[in-house]
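Using UniProt numbering, the first residue of the sequence shown is number 1, and each one after it goes up by one. Worksheet for the structure shown next.
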Amino acid sequence: MKKEKIGLVLEGGGMRGLYTIGVLDSFIDQQIMTDYVIGVSAGACNGVSYVSQQHGRNYRVNTNYIEDKRYVSLSNFVKTKSLFGMDFLFDEIPHQLEIFDYDAFLASSCEFVTGVTDVITGKPVYFGKGHLNYDSTVLRASSSIPVFSPIVDYKGGKYLDGGTSDPIPVRKAIADGCDKVIVVLTRDRNYVKTPEKFRIIYKRLFKKYPEMIRLLDERHEIYNETLHYVTKLEREGRALVIAPSSPITISRFEKNKEKLKKLYQLGIQDAQATMNLIVEMVHGTASSYSK
Numbered sequence: 001m002k003k004e005k006i007g008l009v010l011e012g013g014g015m016r017g018l019y020t021i022g023v024l025d026s027f028i029d030q031q032i033m034t035d036y037v038i039g040v041s042a043g044a045c046n047g048v049s050y051v052s053q054q055h056g057r058n059y060r061v062n063t064n065y066i067e068d069k070r071y072v073s074l075s076n077f078v079k080t081k082s083l084f085g086m087d088f089l090f091d092e093i094p095h096q097l098e099i100f101d102y103d104a105f106l107a108s109s110c111e112f113v114t115g116v117t118d119v120i121t122g123k124p125v126y127f128g129k130g131h132l133n134y135d136s137t138v139l140r141a142s143s144s145i146p147v148f149s150p151i152v153d154y155k156g157g158k159y160l161d162g163g164t165s166d167p168i169p170v171r172k173a174i175a176d177g178c179d180k181v182i183v184v185l186t187r188d189r190n191y192v193k194t195p196e197k198f199r200i201i202y203k204r205l206f207k208k209y210p211e212m213i214r215l216l217d218e219r220h221e222i223y224n225e226t227l228h229y230v231t232k233l234e235r236e237g238r239a240l241v242i243a244p245s246s247p248i249t250i251s252r253f254e255k256n257k258e259k260l261k262k263l264y265q266l267g268i269q270d271a272q273a274t275m276n277l278i279v280e281m282v283h284g285t286a287s288s289y290s291k
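This is the structure we're talking about:
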């Protein structure tokens, strides 16, 4: 009997991704490795360290440097049109300060996909592991939040935050052959997304890109419909959802270390509470896991 292909789907959310980091570090602790990982924005950034099996790396990145103005600050925005310091995050940190193990990542049998948004079409575009061969440009593109970051040019395309067009890329995981998926959300199960607040700004900013304006207008509808689809898969036994057991109140730009640490711990706690089901899905056998 052919083994089922198990996918891991990671939502973005900026600093809310500390929750995901807690979940993924728990997976590494329990030697849980899926066959496939897809992430957008912070989800993609956290997913690569899971595939390379670098426990604690993203936690250190997101706490040790959060008070450094090069990470996130208004001065970054004035200088580069991005609140997040993209050169610092996607060049200096992975190549000098918290070394990313590209060799382990590329050698892993786990498939990896990063989702981005095409500014011209307003549609999602996906890049496989080969595009992360000692180059983090697609991660930069996937993490470039509309209005708060400039457009990223890559191989002739213009891209922004992958979470804008495909916030929870579960359909892509299914299309890529996953029989079942583990979905890690960065909002609680009762969260309902509302319309974007900066329409006056993004309508002017993207006047050359009408499909991007349309996408931002519809973003909340796309998100909420995707959540309904995830719930449908869950009812069918094809998805296992790990979501914050209490509402996350921090913003994607949060800089308070204690709040970030608590969110990381919540991710660990929620993953542990679901670990028996996770092990059973990934390994196909009941688990003897205990906290």
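All C-beta atoms, glycine included, are put in the ideal place defined by N, C-alpha and C. All of these numbers come straight from a predicted model, not from anything done at the bench.
Length of the line joining the Cα atoms of residue i and residue j
i              : j              : result
isoleucine 38  : leucine 132    : 13 Å
lysine 197     : asparagine 46  : 27 Å
leucine 160    : lysine 3       : 36 Å
valine 241     : aspartate 166  : 17 Å
lysine 207     : serine 41      : 24 Å
tyrosine 59    : isoleucine 248 : 17 Å
asparagine 276 : alanine 107    : 28 Å
valine 119     : lysine 158     : 6 Å
glycine 237    : valine 184     : 16 Å
valine 23      : aspartate 35   : 17 Å
aspartate 153  : threonine 121  : 14 Å
alanine 44     : histidine 55   : 15 Å
serine 143     : arginine 252   : 11 Å
lysine 79      : tyrosine 71    : 13 Å
aspartate 25   : isoleucine 213 : 37 Å
leucine 216    : tyrosine 223   : 11 Å
leucine 227    : lysine 172     : 14 Å
aspartate 135  : asparagine 190 : 37 Å
tyrosine 289   : glutamine 269  : Residue confidence is low: tyrosine 289 scores 47 on pLDDT, short of 50, so the model does not pin down where it sits. No coordinate-derived value is stated.
isoleucine 200 : threonine 164  : 17 Å
Cβ separation of residue i and residue j, assumed to be a contact under 8 Å, to the nearest whole Å
i             : j           : result
glycine 115   : glycine 162 : 4 Å
threonine 194 : arginine 16 : Not a contact, Cβ separation roughly 16 Å.
valine 9      : proline 169 : 6 Å
First and last residue of the uninterrupted alpha helix (DSSP H) at residue i
i              : result
valine 37      : Valine 37 -> not in any alpha helix (DSSP H); beta strand (DSSP E) instead, spanning 36-40.
aspartate 217  : 210-235
alanine 104    : 102-107
valine 78      : 74-80
valine 170     : 170-175
residue 292    : Since the first residue shown for the chain is 1 and the last is 291, residue 292 is missing from the structure and cannot be characterised.
isoleucine 201 : 199-205
arginine 189   : Neither: arginine 189 is in no alpha helix (DSSP H) and is coded neither H nor E.
Limits of the beta strand (DSSP E) - the one that residue i falls within
i             : result
glycine 284   : Careful: glycine 284 lies outside any beta strand (DSSP E) and carries neither H nor E.
aspartate 118 : 111-118
residue 298   : With the chain represented from 1 up to 291, any question about residue 298 goes unanswered, as that position is not in the structure.
aspartate 7   : With the sequence shown as reference, residue 7 is identified as glycine, and aspartate is not the correct amino acid for it. Run containing glycine 7: 6-10, per the beta strand (DSSP E) assignment.
alanine 243   : Premise fails: alanine 243 is in no beta strand (DSSP E) and is neither H nor E.
valine 152    : 152-154
Candidates the options: closest to residue i by CA position
i                 : options                           : result
phenylalanine 100 : Tyr264, Leu139, Ser109 and Phe127 : Leu139
lysine 257        : Glu67, Gly17 and Glu92            : Glu67
glutamate 111     : Val51, Tyr134, Arg70 and Tyr202   : Val51
glycine 14        : Leu263, His228, Glu218 and Gln269 : Leu263
arginine 219      : Leu97, Thr231, Lys69 and Pro146   : Pro146
alanine 141       : Ile93, Asp176, Glu98 and Asp87    : Asp87
glutamate 254     : Asp188, Leu83 and Val125          : Leu83
Those residues which DSSP pairs with residue i across a bridge
i             : result
tyrosine 126  : Gly115
aspartate 25  : Answer is none; aspartate 25 lacks a bridge partner.
glutamine 160 : Residue identity check: residue 160 is leucine in the sequence provided, not glutamine. Partner(s): Thr117.
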